[in-house]
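Here is the structure we will look at, set down as structure tokens.
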Amino acid sequence: MSILSASLGLTRYRIIEDVPKDLLQQIPEKLNKFCFVDIDATADERSFGWSNIDDMLDMNWTQSPPEKAEYFTFGLRLDTRRIPPAVLKKHYTIALNKELEHNKEQGKNFVSRDRKRELKEQVTLRLRARTLPIPAMFDIIWNPASNKIYLTTTNSKVRALFEDYFTLTFDLNLEPLTPFFMAMDVLGEDAAPKLENLDPTIFV
Amino acid sequence: MDLSLVERENVLLGQDFLTWLWFKTDSENILFALEDKRTFALQMEQRVSVQGGEGEGVETATVSSPRGELTEAKTGLRTGKKVNKAQLLFTMDQDDWLVQVNAADFGLSGLKTPKIATKDDEGDDPDAKFLEKMFLMERCLEMLDIVFAQFLKIRMTKEWIEETAKIKLWING
Chain A
11 MSILSASLGL
21 TRYRIIEDVP
31 KDLLQQIPEK
41 LNKFCFVDID
51 ATADERSFGW
61 SNIDDMLDMN
71 WTQSPPEKAE
81 YFTFGLRLDT
91 RRIPPAVLKK
101 HYTIALNKEL
111 EHNKEQGKNF
121 VSRDRKRELK
131 EQVTLRLRAR
141 TLPIPAMFDI
151 IWNPASNKIY
161 LTTTNSKVRA
171 LFEDYFTLTF
181 DLNLEPLTPF
191 FMAMDVLGED
201 AAPKLENLDP
211 TIFV
Chain B
11 MDLSLVEREN
21 VLLGQDFLTW
31 LWFKTDSENI
41 LFALEDKRTF
51 ALQMEQRVSV
61 QGGEGEGVET
71 ATVSSPRGEL
81 TEAKTGLRTG
91 KKVNKAQLLF
101 TMDQDDWLVQ
111 VNAADFGLSG
121 LKTPKIATKD
131 DEGDDPDAKF
141 LEKMFLMERC
151 LEMLDIVFAQ
161 FLKIRMTKEW
171 IEETAKIKLW
181 ING
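Structure representation (structure tokens):
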């Protein structure tokens, strides 16, 4: 659980819409529907989805439920296959040389552009099937009482992925608690025009 | 809402806030109060980053000093830069929280709460560690929010003109 680590990265959100009570009860069910699907046995480049915060291998919440006291907790698991560029280059060169040899036998001294692209795709796919996906887990803690959601990373790509997948799962939209939205939260919607027209302070 | 506008306001508010906070914590020893009237202190720590300019001309200077003298970052303020990242140390009673705040989006990194018990005792609630950590983490966020709300109160009123003059004196002092 990355939330327990001694040094933590954190992004805060609030849910824009009112969350209906019955939706809260459906959280476990929705998590299950959009859970992580393993790609160890395939050649997929990446896969992502929800899993148990206590155990990233538990996609059915058999170890523990997502509810912890007043919070709902779950993990965003993201598995990615990465082929090191040097490995790809090497195997592409081997495939290209072989093709060139074959072409020469037919009296052709080159490999066409389209064929080159095709070769690269084939090599990538073959290597991907032999590469193990690298797993990553990011914790999500949802506090319905305060309408806050915490995500244990500040990585912009993961943040974007989380925001989209959350909306897809729960049909709710998230607003990151950046200075502007925080100010709106504190001062109320009426302050919006004033906030939008602030001039930067010149201190010197 | 126009997203580029939001982005502009984020940077503006975030940088004004952290710059103000540095002035506030450097020039006087102030205590902030939580809703339940408990007080906490706040200090700028060891590491601060200042930024100025626009577009391709953005310049950033990051200074870290174990003794907390951030003279070179302050020189940056004199050339019109503002704080874009700062490490804050909150102290309440015997407890410390350390966190690095990014001005542009309030992303928090290196958040360190007071230590929690790492050993599981028999019969403990399996979620005990998690709940203790959440309590400590939310306390840190609560403190940060209180300080930001206090800043906003000044920033959005005429008081800000006076405060700006004070900050100017401090920067040049």
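If you read the protein sequences in the order shown, they are chains A and B.
Residue numbers for the first sequence follow this note's numbering, beginning at 11 and rising by one.
Residue numbers for the second sequence follow this note's numbering, beginning at 11 and rising by one.
Even for Gly, the Cβ is constructed at its ideal location relative to N, Cα and C.
Output, in sequence order along the chain, the residues in the segment 17 to 32 of chain B whose CB is closer than 7 Å to any CB in chain A. Interface annotation for the segment 17 to 32 of chain B against chain A: GLU19, ASN20, LEU22, LEU23, GLY24, ASP26, PHE27 and THR29, criterion Cβ-Cβ distance under 7 Å.
Just to confirm the assignment, what range does the alpha helix (DSSP H) spanning A:ARG136 have? Counting along the chain, the alpha helix (DSSP H) containing A:ARG136 begins and ends at 123 to 140.
Rounded straight-line distance, which links the Cα of A:GLU128 to that of B:TRP32: Near 58 Å, if we compare the C-alpha coordinates of A:GLU128 and B:TRP32.
Could you please give the first and the last residue of the uninterrupted alpha helix (DSSP H) stretch that includes B:LYS176? B:LYS176 -> alpha helix (DSSP H) spans 169 to 182.
Go ahead and pull the three-state DSSP assignment for A:LEU14. Shown here, A:LEU14 sits in a helix according to DSSP, grouped into three states.
Nearest chain A C-beta to B:LEU141 closer than 8 Å, yes or no? Put simply, the CB of B:LEU141 is near chain A, with a gap under 8 Å to one of its CB atoms.
Taking only beta-carbon positions, decide if B:ILE181 is within less than 8 Å of chain A. Output row for B:ILE181: interface = yes.
Whole angstroms are fine: how far does the CA of A:LEU110 sit from the CA of A:ILE25? Taking the straight line joining both Cα atoms gives about 58 Å.
Beta carbon of A:TYR81, beta carbon of A:GLU185: below 8 Å? No; because the gap between Cβ atoms is not below 8 Å, this pair is not in contact.
B:PHE50 in three-state terms, based on DSSP: It is a strand residue.
Within 10 Å of its beta-carbon, does B:LEU121 have 16 or more other beta-carbons around it, so buried, or fewer, so exposed? With at least 16 other beta carbons inside 10 angstroms of its own, B:LEU121 counts as buried.
Could you please give me the residues that DSSP links to B:GLU55 through a beta bridge? The partner list for B:GLU55 (beta bridge, DSSP) reads B:GLN97.
For a contact defined as C-beta to C-beta under 8 Å, what are the partners of A:LEU86 on chain B? Within 8 Å Cβ-Cβ: nothing; A:LEU86 doesn't reach chain B, min ~17 Å.
Can you pull the chain B neighbours of A:SER17, defined as C-beta to C-beta under 9 Å? Here the neighbours are LEU108, SER119, GLY120, LEU121 and LYS122.
Return the residue from the list A:ARG87, A:LEU86, A:LEU88 and A:SER61 that minimises the CA-CA distance to A:PRO75. Per the Cα distances, A:SER61.
Output, in chain order, the set of chain A residues within a Cβ distance shorter than 7 Å of B:ILE177. Correct list: PHE213.
N- and C-terminal bounds of the alpha helix (DSSP H) containing A:THR163: From DSSP, A:THR163 is part of no alpha helix (DSSP H); its letter is neither H nor E.
Does DSSP put A:LEU20 in a helix, in a strand, or in coil? DSSP places A:LEU20 in strand when its eight states are reduced to three.
Against A:PRO210, what residues of chain B qualify as contacts under a CB-to-CB distance less than 7 Å, listed in chain order? Within chain B, the residues placing a beta-carbon under 7 Å from that of A:PRO210 are LEU22, ordered along the chain.
In this structure, how does DSSP classify B:PHE116 when only helix, strand and coil are distinguished? Here B:PHE116 sits in coil by DSSP.
Is there at least one Cβ from chain A nearer than 8 Å to B:ARG48's Cβ? With its beta carbon at least 8 Å from every one in chain A, B:ARG48 lies outside the interface.
Using the beta-carbon of each residue, which ones in chain A are nearer than 8 Å to B:LEU15? Going along chain A in sequence order, the residues near B:LEU15 (Cβ under 8 Å) are GLU206.
Cut-off 7 Å between Cβ atoms - residues of its own chain near A:PRO143, not counting five sequence neighbours on either side: Result list for A:PRO143: ILE49, ASP50, ASP89, THR90 and ARG91, in chain order.
How far does the alpha helix (DSSP H) with B:SER14 in it extend, from its first residue to its last? Counting along the chain, the alpha helix (DSSP H) containing B:SER14 begins and ends at 13 to 37.
In angstroms with no decimal places, state the Cα-to-Cα distance between A:MET66 and A:ILE150. So the two alpha carbons sit approximately 13 Å from each other.
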